[in-house]
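Numbering (this note's numbering), first residue to last: 68 to 567. Down below is the structure, laid out as structure tokens.
As structure tokens, this is what we get:
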């Protein structure tokens with residue numbers, strides 16, 4: 068045995084350990100969206116934080132936007148807020164929107180669940196406030212007198228699409244904030260979806276709110292939070308008025324836009340008798356500079372030309388004909404659904420039976436159609452100026468979670484949208500494969516068409532694992548994931564309601 072360490076040696080060892088531990092902490096500074104104040108990622112959540120001493124949770128929340136879309140993004144925030152508001156005195160969440168009503172049938176989604184009426188104010192109250200009422204309501208100190216909360220005022224405003232909303236209301240809200248007593252200030256929560264273009268509005272409006280310590284930013288995916296966290300820290304190093312605006316203390320959070328709206332019923336399913344992987348959707352903004360549906364047409368035509376039977380179609384009768392379904396096929400003929408707005412989608416005649424475009428759907432119709440899909444296809448254009456993996460969030464991702472439909476992704480998607488880094492809903496496509504050949508492999512269980520083009524052992528191992536897992540995902544996996552996301556969302560909203 069060796070000699071025991073001297074007291075001096077022991078002391079030196081302890082000092083070294085402490086020093087290196089301190090260096091590790093300094094190398095990994097606290098980030099609000101990774102801490103218990105933010106949404107964080109897997110395993111980073113702590114117990115529910117308590118309000119600051121003497122600080123009661125905010126209890127009157129306004130959610131407003133002047134931008135018509137994005138109901139499905141900010142209404143889940145309304146639901147999360149409603150769960151955490153105090154019961155006595157009763158908290159309120161009020162939504163302000165154009166004409167006081169939701170467009171495109173989203174109101175039907177809320178009404179059929181009953182959640183808005185029972186959990187967000189009762190009697191559909193939250194559906195009736197028009198945008199024009201916001202400023203007067205924020206200025207009022209008698210808005211909640213009838214509810215017994217005499218003198219209470221709106222103390223948090225969540226903007227659904229902040230770049231539009233601050234432009235409209237910034238000056239009026241600053242005047243109201245400055246006129247309020249010190250114990251009745253309100254917080255602005257800026258909901259953002261896309262970091263591209265932030266330089267056009269955030270430096271213009273945010274310094275005043277950051278300097279008042281009354282600004283938070285909330286995103287809908289981790290990579291967007293990373294983008295804005297870096298952006299506001301860069302602002303903090305700029306010359307005045309930015310340097311003294313306390314941007315380094317602006318919390319950047321993630322609230323996942325997933326709510327317990329009722330899923331589609333069996334009677335609403337559009338394709339109840341489908342056999343095999345047959346219906347996939349490319350959804351969202353269908354401009355060719357956003358979604359690669361034109362590349363899909365090209366790849367699909369090339370694959371159909373080689374072997375149409377694998378897709379459930381008969382060989383072409385002539386060079387000018389269209390592919391016709393093979394009614395004797397053991398698998399349902401494949402159908403690509405383009406679901407979203409563009410107005411310029413032109414489906415080649417040869418694919419008229421293979422591709423279908425649905426535009427201007429009401430939300431209930433949209434939910435029924437997407438909820439009937441076998442798989443959602445991202446089909447993102449590989450352009451960093453679009454930034455679906457770096458700066459903006461895609462509706463396809465949270466729609467997949469909301470409607471219990473698997474999404475075809477890559478490790479790149481897993482790294483950006485960390486909340487779906489999960490085999491319970493994501494089908495992992497090796498990036499060496501095109502989406503079309505991946506879908507064909509999942510549809511048929513055959514990889515011959517891939518072997519003919521690739522000879523990488525590692526790639527084929529990844530393909531074999533993908534085939535082994537298959538394309539179906541159990542409903543229980545989606546439901547359990549949602550419960551986990553709701554807990555994370557509650558952490559985020561609670562920190563907003565209770566911070567100084």
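Every residue gets a Cβ at the ideal spot worked out from N, C-alpha and C, and that includes glycine.
Notebook entry, point to check: Using a Cβ-Cβ cut-off of 8 Å (strictly less than) and excluding sequence neighbours within five positions of residue 498, which residues of its own chain qualify?
Noted result: 477, 478 and 479
Next item on the list: Please report how far the alpha carbon of residue 381 lies from the alpha carbon of residue 396, in whole angstroms.
Entry: 9 Å
Next item on the list: Can you say whether residue 297 is buried or exposed, counting buried as having 16 or more other CB atoms within 10 angstroms of its CB?
Entry: exposed
Item checked: Residue environment, residue 159, which counts as buried when at least 16 other CB atoms sit within 10 Å -> buried
Notebook entry, point to check: What alpha helix (DSSP H) runs, 4 residues minimum, are completely inside the segment 273 to 331?
Noted result: You should have 289 to 303.
Next item on the list: Report all residues from its chain with a CB closer than 6 Å to the CB of residue 294; omit the five preceding and five following residues, and keep chain order.
Entry: 262 and 458
Notebook entry, point to check: Would a C-beta distance cut-off of 8 Å place residue 336 and residue 456 closer than the cut-off?
Noted result: Not closer than 8 Å, so no.
Checklist line | Cβ-based neighbour list, residue 344, same chain, cut-off 6 Å, excluding 5 preceding and 5 following | finding: 441, 509, 510 and 538
Next item on the list: Use the C-beta contact count for residue 215: other C-beta atoms within 10 angstroms, 16 or more gives buried, fewer gives exposed.
Entry: exposed
Notebook entry, point to check: If we ignore side chains and look at the alpha-carbon of each, how far apart do residue 339 and residue 542 end up?
Noted result: 16 Å
Check: Are residue 313 and residue 278 closer than 8 Å when you measure CB to CB?
Finding: Their beta carbons are under 8 Å apart, which means residue 313 touches residue 278 by this criterion.
Notebook entry, point to check: Between the segment 421 to 434 and the segment 442 to 449, do at least 3 Cβ pairs fall closer than 8 Å?
Noted result: Judged by Cβ distances under 8 Å, the segment 421 to 434 makes no contact with the segment 442 to 449, as fewer than three pairs qualify.
Next item on the list: Give the secondary structure of residue 428 by DSSP, where H, G and I count as helix, E and B as strand, and everything else as coil.
Entry: coil
Checklist line | According to DSSP, residues forming a beta bridge with residue 494 | finding: 475.
Margin query: Considering Cα atoms alone, identify which of 518, 470 and 532 is closest to residue 490.
Written below: 532
Next item on the list: Could you spell out the range, first to last residue, of the alpha helix (DSSP H) harbouring residue 367?
Entry: Residues 360 to 373.
Check: What do you reckon, are the CB atoms on residue 556 and residue 147 nearer than 8 Å?
Finding: yes
Notebook entry, point to check: According to the Cβ coordinates, are residue 503 and residue 487 closer than 8 Å?
Noted result: no
Next item on the list: Please say whether residue 358 and residue 254 have beta carbons closer to each other than 8 Å?
Entry: No; because the gap between Cβ atoms is not below 8 Å, this pair is not in contact.
Check: How about the segment 313 to 324 and the segment 381 to 395: do they share at least three Cβ pairs that are nearer than 8 Å?
Finding: no
Checklist line | Beta-carbon contacts of residue 379 that lie in its chain and below 8 Å, excluding the five residues immediately before and after | finding: 345, 392, 393, 396, 398, 399, 400 and 401
Item checked: Span separating the alpha-carbon of residue 354 from that of residue 271 -> Going by the C-alpha atoms only, they are around 30 Å apart.
Check: Are at least three pairs of beta-carbons, each pair with one atom in the segment 238 to 252 and one in the segment 149 to 156, less than 8 Å apart?
Finding: no
Checklist line | Pick from 273, 145, 251 and 421 that is closest to residue 310, judged by C-alpha positions | finding: 273
Item checked: residue 448 in three-state terms, based on DSSP -> coil
Next item on the list: Taking residue 521 as part of the alpha helix (DSSP H), name the residues at either end of that continuous run.
Entry: Note, residue 521: premise wrong, no alpha helix (DSSP H); not H, not E.
Check: Helix or strand or just coil, what does DSSP make of residue 211?
Finding: coil
Margin query: Quick test of your reading: residue 492 and residue 468, contact by CB under 8 Å. State the CB separation rounded to the nearest angstrom.
Written below: Cβ atoms of residue 492 and residue 468 come within 8 Å of each other, at about 6 Å.
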